[in-house]
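The next block holds one structure in the form of structure tokens; read it before the comments.
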Amino acid sequence: MTISFLLCLVIAFVENYSLLLPTSGICTSTFSNTSDSDHKHMYTSTNVPCTFTVGENISSPKHQKTIQAVLNLKCVDGYDITLRDYNHSESITVDQSLTAPAIIKGGFKQNSSFIPTVWSINSSSTQIIQLKQGDLSLENLEFKFKIDSKQKIQPSISIIKTDNKNNNISLTITSCIFDGIDIEQYDQKMIDIPNIDIFKVTDCIFQNAVTQQLGLLLCISNKTKAEFVFENTTFTNITFKNQLGLGPLVVFLNGTQQKLTINRCTFSNCSNIDIGSHGGSLYISSHNQLVDGNEIIITNNKFINNTGYYTGALYCVWIVVQLNFSNNDFIQNSKVGSDQQGCDARLAWQNYSVYITYEQAQQKVTNLFKGCTSTFWDSVSYTFMINLIGNVSGYIDLDISVDYCKSKALLTPDCICYEYYIKYPVEQCVKEQLCITDLGNQTASNCPQKRCKFDLVHQQVSDCPCLSTGDPRANGTCPAYCDKGNVTTQCACDSNKEGFTVQQCKLEKACKFDLYNQTSSDCPCLSTADPRQNKTCPPYCIRGYATSNCTCDSNLPSYPIDQCLKEKNCSFELINQSVANCPCLATGDPRAGGACPAYCIKGQATSDCVCDFYIPDYTIAQCQKEKACKYNLINQTSMDCPCLSTNDPRAGKACPSYCVKGQPTSECVCDTNSTGFTVQQCQKEKLCISDLIHQNTSDCPCLSTGDPRAGSQCYSYCLKGQVTSECVCDTNSSNFILQQCQKEKLCVTDLIHQTVADCKCLSSGDPRAGNTCPAYCIKGSTNQSC
Numbered sequence: 006m007t008i009s010f011l012l013c014l015v016i017a018f019v020e021n022y023s024l025l026l027p028t029s030g031i032c033t034s035t036f037s038n039t040s041d042s043d044h045k046h047m048y049t050s051t052n053v054p055c056t057f058t059v060g061e062n063i064s065s066p067k068h069q070k071t072i073q074a075v076l077n078l079k080c081v082d083g084y085d086i087t088l089r090d091y092n093h094s095e096s097i098t099v100d101q102s103l104t105a106p107a108i109i110k111g112g113f114k115q116n117s118s119f120i121p122t123v124w125s126i127n128s129s130s131t132q133i134i135q136l137k138q139g140d141l142s143l144e145n146l147e148f149k150f151k152i153d154s155k156q157k158i159q160p161s162i163s164i165i166k167t168d169n170k171n172n173n174i175s176l177t178i179t180s181c182i183f184d185g186i187d188i189e190q191y192d193q194k195m196i197d198i199p200n201i202d203i204f205k206v207t208d209c210i211f212q213n214a215v216t217q218q219l220g221l222l223l224c225i226s227n228k229t230k231a232e233f234v235f236e237n238t239t240f241t242n243i244t245f246k247n248q249l250g251l252g253p254l255v256v257f258l259n260g261t262q263q264k265l266t267i268n269r270c271t272f273s274n275c276s277n278i279d280i281g282s283h284g285g286s287l288y289i290s291s292h293n294q295l296v297d298g299n300e301i302i303i304t305n306n307k308f309i310n311n312t313g314y315y316t317g318a319l320y321c322v323w324i325v326v327q328l329n330f331s332n333n334d335f336i337q338n339s340k341v342g343s344d345q346q347g348c349d350a351r352l353a354w355q356n357y358s359v360y361i362t363y364e365q366a367q368q369k370v371t372n373l374f375k376g377c378t379s380t381f382w383d384s385v386s387y388t389f390m391i392n393l394i395g396n397v398s399g400y401i402d403l404d405i406s407v408d409y410c411k412s413k414a415l416l417t418p419d420c421i422c423y424e425y426y427i428k429y430p431v432e433q434c435v436k437e438q439l440c441i442t443d444l445g446n447q448t449a450s451n452c453p454q455k456r457c458k459f460d461l462v463h464q465q466v467s468d469c470p471c472l473s474t475g476d477p478r479a480n481g482t483c484p485a486y487c488d489k490g491n492v493t494t495q496c497a498c499d500s501n502k503e504g505f506t507v508q509q510c511k512l513e514k515a516c517k518f519d520l521y522n523q524t525s526s527d528c529p530c531l532s533t534a535d536p537r538q539n540k541t542c543p544p545y546c547i548r549g550y551a552t553s554n555c556t557c558d559s560n561l562p563s564y565p566i567d568q569c570l571k572e573k574n575c576s577f578e579l580i581n582q583s584v585a586n587c588p589c590l591a592t593g594d595p596r597a598g599g600a601c602p603a604y605c606i607k608g609q610a611t612s613d614c615v616c617d618f619y620i621p622d623y624t625i626a627q628c629q630k631e632k633a634c635k636y637n638l639i640n641q642t643s644m645d646c647p648c649l650s651t652n653d654p655r656a657g658k659a660c661p662s663y664c665v666k667g668q669p670t671s672e673c674v675c676d677t678n679s680t681g682f683t684v685q686q687c688q689k690e691k692l693c694i695s696d697l698i699h700q701n702t703s704d705c706p707c708l709s710t711g712d713p714r715a716g717s718q719c720y721s722y723c724l725k726g727q728v729t730s731e732c733v734c735d736t737n738s739s740n741f742i743l744q745q746c747q748k749e750k751l752c753v754t755d756l757i758h759q760t761v762a763d764c765k766c767l768s769s770g771d772p773r774a775g776n777t778c779p780a781y782c783i784k785g786s787t788n789q790s791c
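All the letters of the sequence shown, read from the start, carry residue numbers 6 to 791 under my numbering.
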């Protein structure tokens with residue numbers, strides 16, 4: 006029977022829901038279109054509701070004997086009703102505005118603790134609670150069906166029922182218990198809520214029912230954004246007696262943007278096995294092509310020991326819907342028949358519009374059940390009906406939480422023989438498992454290995470495989486056991502050898518006979534002939550080309566290991582080596598300035614430094630020239646080493662002499678480090694020689710000969726026969742020697758003290774007249790001697 010056909014039958018038999026089922030999709034109908042109701046979030050009052058207690062023997066202004074009496078009162082901000090009695094019997098109708106929400110809660114105290122109030126009815130009624138309109142919350146209540154005096158079950162249809170009109174309806178149930186009746190005539194539902202807006206169930210229990218209905222909780226809505234939430238709720242011990250039974254919880258999402266959440270719930274011991282029925286626990290449908298945006302979240306639940314005709318837990322049909330079925334545990338669920346494939350879930354995508362391969366479909370369903378576990382293989386069945394033309398179907402495995410026996414090769418004493426696993430029949434599994442757990446009581450025909458246990462030494466290896474330890478045939482028809490440090494290719498590792506485990510043995514064999522494929526962490530690299538060299542092990546060193554990570558070959562006569570190590574040390578551990586082992590390098594030696602001379606620094610060369618072989622802006626030639634000019638200057642030319650301004654040993658030879666105070670020459674140079682003859686003094690004296698004509702007499706006194714300033718800044722040199730009192734005698738005149746000039750000058754400047762022999766008497770103005778020279782004649786007084 007196909008899924009489409011089954012669903013059509015279900016729709017045909019759903020009681021009182023002809024206006025709620027979809028207009029298109031799986032089978033043709035005349036049902037109304039999906040409702041675009043005025044559904045919005047339920048109203049929350051901002052004021053204080055009317056608070057009442059309800060019970061038989063209490064008198065108080067805020068007390069009534071019935072819930073209906075309270076609800077008939079006008080309370081614009083809602084109702085807060087507490088039931089004081091342990092048992093309450095009443096059928097009510099809730100028809101309130103959303104602005105007046107009602108909460109009804111059990112308030113019976115026993116030993117200072119509140120226990121659920123038991124709510125049932127004694128008289129004939131179709132339901133205990135009829136919710137026509139409004140926002141109703143139920144808390145801490147236990148609902149029970151009862152058999153009346155006419156042996157009829159009351160209520161006759163359901164405990165809670167909502168109208169199927171487009172009224173705004175919200176129902177919240179918290180910490181409540183719903184008890185069924187275990188009799189064959191039971192034909193009631195616990196909750197029947199067509200066309201609801203919001204339905205939330207938290208911390209509740211639905212239990213102990215045998216029913217001929219399609220579902221125990223029947224949830225259907227055409228409302229846009231309708232929401233169904235089941236949190237931490239238990240469904241247990243529920244049995245269906247209906248060939249079209251859907252399961253304890255049935256949800257039809259027939260509207261747009263609807264959401265179903267089932268989280269942390271438990272479904273256990275539920276049964277729905279009549280021919281043509283569906284799943285044992287949960288039926289979900291969202292198959293209307295005219296709706297979209299629906300979301301189904303089924304997470305963190307437990308499905309335990311449930312049985313259905315087609316599947317034990319989930320039976321789901323939809324077209325396009327967002328899904329999350331993660332982290333559920335499926336334990337010992339089953340379906341009718343010997344084939345248990347799909348025993349946990351059966352999923353069908355109707356009118357799937359995108360082509361999908363078998364591998365893509367399997368991966369999609371696998372991702373959907375991420376984190377789920379099961380006790381059986383192939384426990385999830387799926388079908389993608391591609392535009393009603395072709396199907397892609399298959400099964401997936403969830404994480405198996407039970408250790409089932411899979412084959413003789415994988416048989417263990419503790420695994421479980423699975424009666425529905427056709428690949429390893431249970432009869433064969435049990436027989437072969439007894440050969441492990443009870444070999445002594447089995448026949449040799451059933452357990453050939455019995456001979457292997459009691460007469461092993463005479464058995465062939467083909468009949469009794471060699472043992473991993475203690476085999477008397479070792480080193481005969483079986484390989485010898487391996488010895489530590491002396492393994493061979495043929496030896497076998499002994500599983501019970503002290504100090505030499507199987508792991509150690511296998512590793513030693515691998516390192517000896519399959520070294521190429523071993524890691525260096527398992528098999529340390531060899532000092533010679535290692536096939537992994539230059540791969541997982543370092544390469545062996547080559548003379549003259551040693552690298553930092555190469556290994557010295559211990560068996561290479563042309564390149565002894567001590568030479569190799571020395572080359573490596575001199576190349577990569579040079580800083581710790583002596584000069585005797587590793588001579589100083591011309592460049593880049595880390596010992597420079599320590600065991601080796603420091604490298605010369607440009608402009609700071611010392612007598613001990615060495616020229617660095619490789620400094621681009623300070624070549625060896627430049628370095629050596631700098632050192633020669635500093636420490637062997639006397640032997641250098643002035644072209645290679647310019648003359649120094651002081652202390653140049655070449656002064657007076659390859660370089661000009663330093664000037665001597667009072668004796669400067671035009672070629673001498675001023676010494677910059679002379680304490681008694683500063684550079685300024687020297688330069689001044691040199692100017693008196695090289696540029697005398699432009700110097701003043703205060704800086705450069707007039708010269709006794711050859712002074713170009715004679716006749717300007719200095720007195721003129723005396724001329725023979727023209728001597729004056731202002732002229733000075735030229736000390737270097739060849740035609741008017743100094744003695745003649747000085748004598749002639751005295752005859753002019755100091756005539757009175759000169760002799761007539763040196764200076765003849767003057768004919769006029771001679772101060773010696775009348776003394777060493779004759780007196781001048783005076784008019785009227787002349788004499789012979791004047």
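Virtual Cβ for every residue (Gly too), placed ideally from N, Cα, C.
Could you give the distance in angstroms between the alpha-carbon of cysteine 270 and the alpha-carbon of serine 339? As a first step, residue 270 must be located in the sequence shown, where it is residue number 265. As a first step, residue 339 must be located in the sequence shown, where it is residue number 334. Taking the straight line joining both Cα atoms gives about 19 Å.
Would you call the stretch 98 to 109 in contact with the stretch 76 to 85, where contact means no fewer than 3 C-beta pairs closer than 8 Å? Touching, per the Cβ criterion.
Beta-carbon spacing of alanine 603, cysteine 614 below 7 Å: Reading the sequence shown from its first residue, position 598 is the one you call residue 603. Reading the sequence shown from its first residue, position 609 is the one you call residue 614. Contact: yes.
Using the three-state DSSP reduction, which class does lysine 137 fall into: helix, strand or coil? For the purposes of this step, residue 137 is identified with residue 132 of the sequence shown, where counting begins at 1. Lysine 137: strand per DSSP, three-state reduction.
I need the straight-line Cα distance from cysteine 569 to valine 584, nearest angstrom please. Within the sequence shown, residue 569 is the residue found at index 564, counting from 1. Within the sequence shown, residue 584 is the residue found at index 579, counting from 1. Cα-Cα distance, rounded: 17 Å.
Please report the straight-line C-alpha distance between valine 753 and alanine 715, rounded to a whole angstrom. Position 748 of the sequence shown holds residue 753. Position 710 of the sequence shown holds residue 715. Cα to Cα, valine 753 sits roughly 20 Å from alanine 715.
Quick one: does the C-beta of aspartate 100 sit closer than 6 Å to a heavy atom of the ligand GDP? Ligands displayed in this structure: none; no statement on the ligand GDP is therefore possible.
Run of the beta strand (DSSP E) containing asparagine 574, from where it starts to where it stops: Taking the first residue of the sequence shown as 1, we reach residue 574 at position 569. Note, asparagine 574: premise wrong, no beta strand (DSSP E); alpha helix (DSSP H) at 566 to 577.
What's the C-alpha gap between cysteine 440 and glutamate 432? Indexing the sequence shown from 1 puts residue 440 at position 435. Indexing the sequence shown from 1 puts residue 432 at position 427. C-alpha separation (whole angstroms): 13 Å.
7 Å Cβ cutoff met for alanine 551 and serine 576: Start at 1 with the first residue of the sequence shown, and residue 551 comes out as number 546. Start at 1 with the first residue of the sequence shown, and residue 576 comes out as number 571. For the pair alanine 551 and serine 576, the CB atoms are nearer than the 7 Å cut-off.
Range of the contiguous beta strand (DSSP E) that encloses arginine 351: Along the sequence shown, one-based indexing puts residue 351 at 346. Its beta strand (DSSP E) spans residues 350 to 357.
What three-state label does DSSP hand lysine 157 in the structure shown? As a first step, residue 157 is located in the sequence shown; it is residue number 152 there, counting from the start. Lysine 157 falls in the coil class under three-state DSSP.
Give the C-beta separation of serine 386 and alanine 350 to the nearest angstrom, bearing in mind that I take them to be a contact with Cβ-Cβ under 8 Å. On the sequence shown, position 381 is the one that residue 386 refers to. On the sequence shown, position 345 is the one that residue 350 refers to. Contact flag correct, Cβ pair sits at about 7 Å.
Can you give me the start and stop residues for the beta strand (DSSP E) that asparagine 396 sits inside? Walking along the sequence shown from the start, residue 396 turns up at place 391. 395 to 401 is the span of the beta strand (DSSP E), which, as asked, contains asparagine 396.
Excluding the 5 residues flanking histidine 68 on each side, which residues of the same chain have their C-beta closer than 6 Å to its C-beta? If you number the sequence shown from 1, residue 68 lands on position 63. Once the five neighbours on either side are set aside, the close Cβ partners of histidine 68 are Thr58.
Name the DSSP bridge partner or partners of asparagine 92? If you number the sequence shown from 1, residue 92 lands on position 87. Asparagine 92 is bridged by DSSP to Val123.
Test item: CB-CB of tyrosine 314 and isoleucine 336 under 7 Å: Looking up residue 314 in the sequence shown gives position 309. Looking up residue 336 in the sequence shown gives position 331. No, these two residues do not count as a Cβ contact at 7 Å.
Residue-chain proximity (valine 665, chain D), Cβ-Cβ < 7 Å: Protein chains in the displayed structure number just one, and chain D is not present.
Chain-order list of residues whose beta-carbon lies under 6 Å from that of leucine 352 (same chain, five-residue window excluded): Position 347 of the sequence shown, counted from the first residue, corresponds to residue 352. The beta carbon of leucine 352 sits closer than 6 Å to the beta carbons of Cys321, Tyr387 from its chain, once the five residues preceding and following it are set aside; these are given in chain order.
Backbone secondary structure at lysine 428 - three-state DSSP: What you label residue 428 is simply residue 423 of the sequence shown in a count that begins at 1. Looking at lysine 428 - three-state DSSP - the assignment turns out to be coil, as it is neither helix nor strand.
Find out if the Cβ-Cβ distance for the pair leucine 146, proline 121 is shorter than 7 Å. Position 141 of the sequence shown, counted from the start, is the residue given in the question as residue 146. Position 116 of the sequence shown, counted from the start, is the residue given in the question as residue 121. Here leucine 146 is near proline 121, since their CB atoms are less than 7 Å apart.
Output needed for leucine 403: all residues of its chain with C-beta closer than 8 Å, excluding positions within five of it in sequence on either side, in chain order. As a position in the sequence shown, residue 403 is number 398, starting the count at 1. Once the five neighbours on either side are set aside, the close Cβ partners of leucine 403 are Phe335, Asp349, Phe374, Cys377, Thr378, Ser379, Ser384, Val385.
May I have a chain-ordered list of the beta strand (DSSP E) segments no shorter than 3 residues that lie completely inside the stretch 229 to 287? Counting whole runs of 3 or more residues, the stretch 229 to 287 contains the beta strand (DSSP E) stretches 232 to 236, 239 to 245, 252 to 258, 264 to 268, 271 to 277.
Taking the beta carbon of cysteine 791 as the centre, do at least 16 other beta carbons fall within 10 Å, making it buried, or is it exposed? Locating residue 791 in the sequence shown gives position 786, counting from the first residue. By the 16-neighbour rule on beta-carbons within 10 angstroms, cysteine 791 is exposed.
Which residue's Cα is closest to the Cα of leucine 222: Asn678, Ile427, Gln193, Asn274? In the sequence shown, counting from the first residue as 1, residue 222 sits at position 217. The option with the nearest alpha carbon to leucine 222 is Gln193.
Check each candidate in Gly317, Lys540, Phe518, Ser286 and name the one with the smallest Cα separation from serine 525. Along the sequence shown, read from residue 1 onward, the residue named residue 525 stands at position 520. Per the C-alpha coordinates, the member of Gly317, Lys540, Phe518, Ser286 positioned closest to serine 525 is Lys540.
Since lysine 228 and asparagine 268 should fall inside the 8 Å C-beta cutoff, what is the C-beta to C-beta distance between them, to a whole number of angstroms? Residue 228 sits at position 223 when you count from the first residue of the sequence shown. Residue 268 sits at position 263 when you count from the first residue of the sequence shown. Between lysine 228 and asparagine 268, the beta carbon gap of about 22 Å keeps them out of contact (Cβ cut-off 8 Å).
Beta carbon of glutamine 263 nearer than 7 Å to that of alanine 214: Within the sequence shown, the letter at position 258 stands for residue 263. Within the sequence shown, the letter at position 209 stands for residue 214. Pairing glutamine 263 with alanine 214 gives a Cβ-Cβ distance that is not under 7 Å.
According to the neighbour-count rule (16 or more other Cβ atoms, all chains shown, within 10 Å of its Cβ), is serine 2 buried or exposed? This structure leaves residue 2 out entirely; the chain is present only between 6 and 791.
Which residues DSSP lists as bridging cysteine 555, in chain order: Counting from one through the sequence shown, the residue named residue 555 turns up at place 550. Answer is none; cysteine 555 lacks a bridge partner.
Sufficient close CB pairs (3 or more, under 8 Å) joining the stretch 460 to 480 to the stretch 443 to 450: The answer is no - the stretch 443 to 450 does not touch the stretch 460 to 480, with fewer than three Cβ pairs under 8 Å.
Identity of the residues DSSP links to serine 291 by a beta bridge: Taking the first residue of the sequence shown as position 1, residue 291 is located at position 286. Partner(s): Trp323.
Could you tell me which of Gly260, Asp168, Ile133 sits nearest to glycine 139, measuring between CA atoms? Residue 139 sits at position 134 when you count from the first residue of the sequence shown. Glycine 139 has its Cα closest to that of Asp168, out of Gly260, Asp168, Ile133.
Determine which residues share a DSSP beta bridge with histidine 68 and list them. In the sequence shown, the residue the question calls residue 68 occupies position 63. Bridge partners of histidine 68: Thr58.
Helix, strand or coil for alanine 626 per DSSP? Position 621 of the sequence shown holds residue 626. In this structure, alanine 626 counts as helix in the three-state DSSP scheme.
Using only alpha-carbon positions, find the residue among Pro706, Ile783, Cys764 that is nearest to threonine 777. What you label residue 777 is simply residue 772 of the sequence shown in a count that begins at 1. The shortest C-alpha separation from threonine 777 is found at Cys764.
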